[in-house]
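See structure below.
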Amino acid sequence: MLTPLLVTPDNFSMNFAGNRPSTRQLLDKIPNVPCLYRHSVNNTYYAIKKWAGKRKEHSLDTTDRKIAERKLKKWISDFDKIDFEAEKTTLAQLLEKFTLTRSGMSKSTINTESGIIKSLKSNWKHGLDIRASQIRPSMLDEWLAKVEPHLKNSSYNRYTLFLKQLFEIALADKMISESPYPILRKSWKRPQKPIRHVPTDEQFQSIVASIRGQKENVQSEESANFIEFLGLAGLGQAEGRSLTWGISGSSLTSQS
Numbered sequence: 000m001l002t003p004l005l006v007t008p009d010n011f012s013m014n015f016a017g018n019r020p021s022t023r024q025l026l027d028k029i030p031n032v033p034c035l036y037r038h039s040v041n042n043t044y045y046a047i048k049k050w051a052g053k054r055k056e057h058s059l060d061t062t063d064r065k066i067a068e069r070k071l072k073k074w075i076s077d078f079d080k081i082d083f084e085a086e087k088t089t090l091a092q093l094l095e096k097f098t099l100t101r102s103g104m105s106k107s108t109i110n111t112e113s114g115i116i117k118s119l120k121s122n123w124k125h126g127l128d129i130r131a132s133q134i135r136p137s138m139l140d141e142w143l144a145k146v147e148p149h150l151k152n153s154s155y156n157r158y159t160l161f162l163k164q165l166f167e168i169a170l171a172d173k174m175i176s177e178s179p180y181p182i183l184r185k186s187w188k189r190p191q192k193p194i195r196h197v198p199t200d201e202q203f204q205s206i207v208a209s210i211r212g213q214k215e216n217v218q219s220e221e222s223a224n225f226i227e228f229l230g231l232a233g234l235g236q237a238e239g240r241s242l243t244w245g246i247s248g249s250s251l252t253s254q255s
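Numbered according to numbering that gives the first Met the number 0, the sequence shown terminates at residue 255, and the numbering increases by one at each position without gaps.
In structure tokens form, the structure reads like this:
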């Protein structure tokens with residue numbers, strides 16, 4: 000007569016031909032807490048619930064009872080928000096889906112997003128086979144921190160916009176219950192103002208004189224006068240172009 004196998008932490012790692020118990024066999028029900036189980040060997044807590052007639056098991060990745068109960072509550076609340084088949088979608092598959100949904104955009108937009116995807120694939124250290132549901136805000140922060148030194152603020156904002164749009168797809172298709180985008184450490188940077196170099200009075204007069212002195216240019220005098228007028232009036236080119244002579248021919252009026 001065979002003696003029943005007693006599973007202990009010492010003999011669990013040993014492979015007894017055909018007698019090694021499965022994870023499911025090692026899960027013990029926690030009394031008075033529906034759906035909560037604990038692994039009898041490593042003490043990790045698990046959540047188990049039936050969905051569409053099928054038993055769903057989910058590791059809560061903790062050996063702490065209170066943390067396990069909080070995670071269990073959230074996991075159950077997400078049941079209606081997640082499609083458990085779609086939840087298996089990997090980052091690579093999500094990127095492919097994103098590319099397909101953006102195929103109708105302008106060529107410049109497609110090129111920009113292709114460059115961002117290429118950067119993500121090159122600098123993402125967690126593997127493209129990771130599930131979208133397993134991607135944490137800290138992982139995205141890590142990627143952004145790596146590419147940030149090479150980007151202007153406006154380009155950085157374009158990268159974070161890409162992440163927002165990417166996880167909106169995952170959210171809409173029920174791959175995830177909530178997007179990691181709103182929890183990013185730095186989801187937006189103030190765009191940098193362009194630096195305008197204003198010449199001194201002497202430099203300005205020198206520029207006007209240089210334009211007026213271009214004898215081979217038949218419009219040099221008119222060009223110099225126009226530039227001089229803009230400078231003395233403190234106007235931009237667009238404002239200057241909107242001006243026209245008044246009805247009497249003696250005053251200027253704006254077309255705006």
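Glycine included, each C-beta is placed from N, C-alpha and C at the ideal position. Model, not experiment: these values are computed from the prediction.
Residue i versus residue j: straight-line alpha-carbon distance, rounded
{"i": "I210", "j": "S118", "result": "46 Å"}
{"i": "Q204", "j": "L143", "result": "47 Å"}
{"i": "L94", "j": "F83", "result": "19 Å"}
{"i": "F166", "j": "K53", "result": "27 Å"}
{"i": "A208", "j": "H196", "result": "19 Å"}
{"i": "Y155", "j": "Q191", "result": "11 Å"}
{"i": "W244", "j": "F225", "result": "14 Å"}
{"i": "L90", "j": "L25", "result": "31 Å"}
{"i": "S241", "j": "T199", "result": "26 Å"}
{"i": "K120", "j": "S219", "result": "54 Å"}
{"i": "P20", "j": "L99", "result": "44 Å"}
{"i": "M0", "j": "R23", "result": "In this prediction, M0 scores a pLDDT of 47, lower than 50, which makes its location untrustworthy; the coordinate-derived value is nonetheless stated afterwards. Distance between the alpha carbons of M0 and R23: 26 Å."}
{"i": "Q92", "j": "I129", "result": "10 Å"}
{"i": "A171", "j": "P148", "result": "32 Å"}
{"i": "S76", "j": "Q236", "result": "60 Å"}
{"i": "S58", "j": "D27", "result": "13 Å"}
{"i": "L234", "j": "F228", "result": "8 Å"}
{"i": "E215", "j": "E221", "result": "13 Å"}
{"i": "I66", "j": "K106", "result": "48 Å"}
Short Cβ contact (9 Å threshold) for residue i with residue j
{"i": "E177", "j": "K80", "result": "yes"}
{"i": "L183", "j": "L162", "result": "yes"}
{"i": "D60", "j": "T43", "result": "yes"}
{"i": "P181", "j": "L139", "result": "no"}
{"i": "M174", "j": "S137", "result": "no"}
{"i": "I134", "j": "H125", "result": "yes"}
Sequence-distant residues of the same chain with beta carbon closer than 7 Å to residue i, five excluded per side
{"i": "A232", "result": "none"}
{"i": "S12", "result": "Note on S12: pLDDT 49, under 50, position unreliable in the model; no value is reported."}
{"i": "A223", "result": "V207, I210, R211"}
{"i": "Q213", "result": "S219"}
{"i": "L127", "result": "T89, L90, A91, K120"}
Top-ranked residue by Cα proximity to residue i, from the options
{"i": "K188", "options": "L160, P198, D200, T199", "result": "L160"}
{"i": "P193", "options": "N152, M104, T199, S39", "result": "N152"}
{"i": "K185", "options": "E201, D63, A171, R157", "result": "R157"}
{"i": "A169", "options": "G239, I66, G114, K96", "result": "K96"}
{"i": "A51", "options": "E112, K70, F78", "result": "F78"}
{"i": "D63", "options": "K49, W74, N41, E56", "result": "N41"}
{"i": "K55", "options": "K65, W74, G239, I66", "result": "W74"}
{"i": "Q202", "options": "E221, V217, G230", "result": "G230"}
{"i": "K72", "options": "S113, E112, P33, E215", "result": "P33"}
{"i": "Q164", "options": "L127, E112, K65", "result": "E112"}
Residues near residue i in its chain [Cβ-Cβ closer than 6 Å; skip 5 each side]
{"i": "F15", "result": "In this prediction, F15 scores a pLDDT of 46, lower than 50, which makes its location untrustworthy; no coordinate-derived value is stated."}
{"i": "K70", "result": "L59"}
{"i": "G239", "result": "L229"}
{"i": "S39", "result": "L25, D27"}
Any C-beta of chain C under 9 Å from that of residue i
{"i": "Y155", "result": "Going by chain labels, chain C is absent from the structure shown, which holds only one protein chain."}
Cβ shell of residue i (< 8 Å), same chain only, five flanking positions each side left out
{"i": "T2", "result": "Its pLDDT being 49, under 50, T2 is placed unreliably in this model, and the value from its coordinates should be taken loosely. Cβ neighbours of T2 beyond the five flanking positions: none."}
{"i": "I206", "result": "P198, I226"}
{"i": "T108", "result": "R101"}
{"i": "K49", "result": "K55"}
Whole-angstrom C-beta distance between residue j and residue i, which should lie under 8 Å
{"i": "E86", "j": "L35", "result": "Contact doesn't hold; Cβ gap of about 20 Å is too wide."}
{"i": "R37", "j": "I29", "result": "6 Å"}
{"i": "V146", "j": "N110", "result": "Not really, about 17 Å apart at Cβ, beyond 8 Å."}
Residue i beta carbon near the ligand COA (any heavy atom closer than 8 Å)
{"i": "S113", "result": "Annotation note on the ligand COA: not contained in the displayed structure, which lists no ligands."}
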